[in-house]
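Q: Residue numbers (numbering that gives the first Met the number 0): 0 to 410. Don't be surprised by glycine CBs; every beta carbon is placed ideally from N, CA and C. Nothing here was measured: the structure is a model prediction, and the numbers come from that model. Dropping the structure in here first, questions after.
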Amino acid sequence: MPVPREPPSLNDEVTLSRYPFLPQAAEWIRNMAQKHEINLEELLDGEWMEKARQRARIRLIDSVQSKEGVEVVGGDIHTEEGRLIEAFSFYYARLVVCASEDERLIARWSQAEAARAEQILAKDDNNLESIAKTYITGIKFEDKKDESYDFSTGSMAMQNVKQKKEGKVWKINLVDFIEICPKITGSRWRLANNDIQDGWITLFEEQQYTSSEKLSRLLRERIKASIETEALEKMAEVTTDLAIRLAEPVGMVRNLMANKASEAIALVGADESDWPPCMITVVSDLAKGVNVNHFGRVFLGAMAATLAIPRESCVNFFSGAPDFSEGTTTYQVNHLYDNAYTPAKCSSLKVNHNCPVLPGDDRLCDQPWLDHPLKYIRATQRWKAKNKAAEEKFEAEVSKDDSKPVTVEKD
Ligand code: SF4
Numbered sequence: 000m001p002v003p004r005e006p007p008s009l010n011d012e013v014t015l016s017r018y019p020f021l022p023q024a025a026e027w028i029r030n031m032a033q034k035h036e037i038n039l040e041e042l043l044d045g046e047w048m049e050k051a052r053q054r055a056r057i058r059l060i061d062s063v064q065s066k067e068g069v070e071v072v073g074g075d076i077h078t079e080e081g082r083l084i085e086a087f088s089f090y091y092a093r094l095v096v097c098a099s100e101d102e103r104l105i106a107r108w109s110q111a112e113a114a115r116a117e118q119i120l121a122k123d124d125n126n127l128e129s130i131a132k133t134y135i136t137g138i139k140f141e142d143k144k145d146e147s148y149d150f151s152t153g154s155m156a157m158q159n160v161k162q163k164k165e166g167k168v169w170k171i172n173l174v175d176f177i178e179i180c181p182k183i184t185g186s187r188w189r190l191a192n193n194d195i196q197d198g199w200i201t202l203f204e205e206q207q208y209t210s211s212e213k214l215s216r217l218l219r220e221r222i223k224a225s226i227e228t229e230a231l232e233k234m235a236e237v238t239t240d241l242a243i244r245l246a247e248p249v250g251m252v253r254n255l256m257a258n259k260a261s262e263a264i265a266l267v268g269a270d271e272s273d274w275p276p277c278m279i280t281v282v283s284d285l286a287k288g289v290n291v292n293h294f295g296r297v298f299l300g301a302m303a304a305t306l307a308i309p310r311e312s313c314v315n316f317f318s319g320a321p322d323f324s325e326g327t328t329t330y331q332v333n334h335l336y337d338n339a340y341t342p343a344k345c346s347s348l349k350v351n352h353n354c355p356v357l358p359g360d361d362r363l364c365d366q367p368w369l370d371h372p373l374k375y376i377r378a379t380q381r382w383k384a385k386n387k388a389a390e391e392k393f394e395a396e397v398s399k400d401d402s403k404p405v406t407v408e409k410d
């Protein structure tokens with residue numbers, strides 16, 4: 000179902016500054032900008048907005064470096080100055096990512112901001128309903144009752160748990176659930192493992208995962224999509240002048256992204272120079288927070304298993320993924336290693352959009368016999384071994400010549 004056209008009204012300034020991406024926050028921020036004479040000039044270089052720019056840098060650094068997303072703790076939003084800093088830091092950070100014109104960075108940043116929102120929303124009983132109704136059309140709740148539910152459905156092995164007496168048990172419309180869940184990993188988000196009644200799915204309480212936390216997880220996906228879409232639209236409006244003025248913070252965040260990617264690749268030692276472009280791309284995309292598709296993920300796990308890369312290193316490849324959960328990833332990696340899956344061949348990778356090369360990009364990939372990424376590695380290794388043997392032979396011959404007695408020819 001589409002996102003609601005008319006979001007519920009929200010006027011509390013603390014809430015609007017805490018969630019500055021909300022559509023309801025736009026007017027409040029415009030009014031604050033007018034009241035305090037904050038224009039683009041002030042935001043980019045003014046003294047008054049220096050604190051907002053500093054907080055924006057932290058938001059951007061967290062986006063790249065933190066698995067949990069942007070740090071929840073910001074300034075004191077119970078003061079007007081604190082609210083301004085929080086709201087305009089979001090706007091400044093968005094300007095920087097838009098000026099980078101890097102869609103991966105925009106995706107990463109949107110993900111980090113949405114992850115921050117998820118953490119706050121899970122505990123924000125006062126605003127969860129309004130924000131849920133901003134992003135999800137089919138959402139309702141029942142008050143928790145003191146009764147137990149049997150969750151032992153499908154492949155999920157959960158224990159019966161008692162509902163707590165207070166709070167809400169959320170229900171989401173089947174259509175919204177189906178639209179949101181494919182992007183979330185974990186068996187609890189698969190339709191077959193859920194109880195559907197009259198087109199509604201109940202987000203049952205679990206011992207370690209409350210109904211509100213589940214709803215916040217679903218909201219994260221919609222919030223991410225909304226922040227990302229808006230940023231991509233704004234990217235088209237970035238002028239050359241603005242891009243030049245933001246070159247320094249853009250450079251800072253781009254460097255962070257590049258370091259993150261090379262850190263991940265360097266994890267398994269020197270042999271990554273043998274890897275085919277498809278494997279390198281999946282690893283570096285994951286490190287940059289790009290949501291690699293399921294096929295690409297299974298391919299990477301199967302390649303890592305075949306190359307005997309340590310399991311922990313393989314789990315680490317996924318640590319930058321937007322939906323990374325160490326427990327789930329370890330389980331899935333172990334499954335791939337234990338079952339020794341054969342990595343996908345080139346034709347399947349091409350069909351599933353996981354082959355990054357075009358004709359002429361890579362000499363080996365252009366070869367008519369190259370139909371499997373493992374052949375790429377084998378060919379590279381053989382070529383290196385041949386070169387090494389030739390070098391050793393040459394060195395041996397040189398040293399043999401050097402050890403021969405020098406004969407002086409007589410006239
Ligand atoms: S042609 Fe094959 S080996 Fe080369 S990048 Fe594409 S999928 Fe990988």
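#1: Would you identify the three-state DSSP class for lysine 287, choosing helix, strand or coil?
#2: Going by beta-carbon coordinates alone, are arginine 82 and glutamate 12 separated by less than 7 Å?
#3: Give every residue whose Cβ lies closer than 5 Å to any heavy atom of ligand 1, listed in chain order.
#4: Assign leucine 357 to buried or exposed, taking buried as 16 or more other Cβ atoms, counted over all protein chains shown, within 10 Å of its Cβ.
#5: Taking all protein chains shown into account, do 16 or more other C-beta atoms lie within 10 angstroms of the C-beta of isoleucine 138, making it buried, or fewer, making it exposed?
#6: Quick check on serine 109: buried or exposed, where buried means 16 or more other Cβ atoms within 10 Å of its Cβ?
#7: With a Cβ-Cβ cutoff of 7 Å, do lysine 170 and tryptophan 188 count as a contact?
#8: Considering Cα atoms alone, identify which of Ser16, Thr184 and Val252 is closest to glutamate 100.
#9: How about valine 332 and arginine 296: do their beta carbons lie closer than 7 Å?
#10: Apart from the five residues just before and just after lysine 163, which ones in its own chain have a Cβ nearer than 6 Å to its Cβ?
#11: Which term fits alanine 16, buried or exposed, when burial requires 16 or more other beta carbons within 10 angstroms of its beta carbon?
#12: Since threonine 136 contacts leucine 21 with CB under 8 Å, what's their CB separation in whole angstroms?
#13: In the DSSP assignment, find the alpha helix (DSSP H) that holds glutamate 12 and state where it starts and stops.
#14: Can you give me the C-alpha to C-alpha distance between leucine 127 and alanine 121, rounded to a whole angstrom?
#15: Under 8 Å: do the region 220-240 and the region 29-37 share three or more Cβ pairs, one atom per stretch?
#16: Can you tell which of Asn10, Phe89 and His77 has the C-alpha that lies nearest to the C-alpha of isoleucine 226?
#17: If you draw a straight line from the alpha carbon of aspartate 175 to that of threonine 328, how long is it in whole angstroms?
#18: Take alanine 131 and list the residues in its own chain whose beta-carbon comes closer than 7 Å to its own, dropping the five residues that flank it on each side.
#19: I need the straight-line Cα distance from tyrosine 375 to lysine 182, nearest angstrom please.
#20: Using DSSP with H/G/I as helix, E/B as strand and the rest coil, what is threonine 238?
#21: By Cβ distance, which residues of its chain are closer than 6 Å to leucine 255, with the 5 residues on each side in sequence left out?
#22: In whole angstroms, give me the CA-to-CA distance for alanine 106 and serine 312.
#23: Find the nearest neighbour of alanine 24 within the set Phe87, Cys364 and Gly45, judged by alpha-carbon distance.
#24: DSSP state of threonine 341, grouped into three classes?
#25: Hey, would you say histidine 371 sits closer than 7 Å to lysine 344, going by beta carbons?
#26: Going by beta-carbon coordinates alone, are leucine 335 and alanine 304 separated by less than 7 Å?
#27: Would you list the residues sitting across from aspartate 142 in a DSSP beta bridge?
#28: Who are the near neighbours of glycine 288 in its chain, counting only those whose CB is closer than 6 Å to its CB and skipping five residues on each side?
#29: Determine the direct distance from the alpha carbon of asparagine 125 to that of glutamate 85, and round the result to whole angstroms.
#30: Between which two residues does the alpha helix (DSSP H) carrying tryptophan 27 extend?
#31: Roughly how far, in whole angstroms, is the beta-carbon of leucine 39 from the beta-carbon of methionine 48, given that I think they are within contact range, below 8 Å?
A: Reading off the structure:
#1: coil
#2: yes
#3: Pro275, Pro276, Cys277, Cys345, Leu348, Cys354, Val356, Cys364, Pro372 and Tyr375
#4: exposed
#5: buried
#6: buried
#7: no
#8: Val252
#9: no
#10: The pLDDT assigned to lysine 163 is 46, lower than 50, so where the model puts this residue is not dependable, and the model offers no usable value.
#11: Before going further, note that residue 16 is serine rather than alanine in the sequence given. Buried: at least 16 other Cβ atoms inside 10 Å.
#12: Incorrect: roughly 16 Å between the Cβ atoms, too far for contact.
#13: 12-17
#14: 8 Å
#15: no
#16: Phe89
#17: 26 Å
#18: Ile138, Leu214 and Leu218
#19: 31 Å
#20: coil
#21: Val63
#22: 24 Å
#23: Phe87
#24: coil
#25: yes
#26: yes
#27: Lys167
#28: Arg107, Gln110, Gly319 and Pro321
#29: 20 Å
#30: 24-34
#31: Rounded, the Cβ-Cβ distance is 10 Å, inconsistent with contact.
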